[in-house]
Each structure stands twice: as C-alpha cells, then as structure tokens.
Amino acid sequence: MGYMMLENGIFLLSLSVAKEMPLVVNIGVLLDVFVCIYILGLFVTKIQSTFEELHVDKLTLLKD
C-alpha cells in the first residue's frame, strides 16, 4: 500500500511538472495497473485457499 501511495504521488508530481514527458506518465500508470492486478491476484488466491477447506453442508445442522 505504501508503494502505491508513493507511486501515485510521483505520478501527480510528474503531471504538474513535466508536461513534455507523457510517455513517462503513461508508463507510471501502467505500472500502477500492473501492481494493482498483482496484489488483487494475491488476495484472491489467499481467499480461495482459506475458504477451500470449509464445509457449508454442516451449517444445515444448526437450528434455533
């Protein structure tokens, strides 16, 4: 998360200072998207491995 905040700060700084470098700005945006997709993939695999072992059939036995 800290990396994402740092990268977004650099992106905003480059927008205000360097109007002649749109390629650098586009590469920064693509890096942000890549990191977001990578982190999302890590979260999804962790959630999937956590809930893979649960058996919801046993929940039908719970009654008031």
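In this text, residue positions in the sequence shown follow my numbering: the first is 1, and each later residue adds one. Glycine is no exception: its CB is placed at the ideal position from the N, C-alpha and C atoms.
For G28, the CB contacts under 6 Å within the same chain, skipping 5 residues up- and downstream, are F11 in chain order. Between V25 and L15, the C-beta spacing is below 8 Å. Nearest C-alpha to L31 among N8, V44, G41: N8. When only Cα atoms are considered, T60 and M5 end up about 45 Å apart. Just so you know, the alpha carbons of V44 and H55 end up roughly 19 Å apart.
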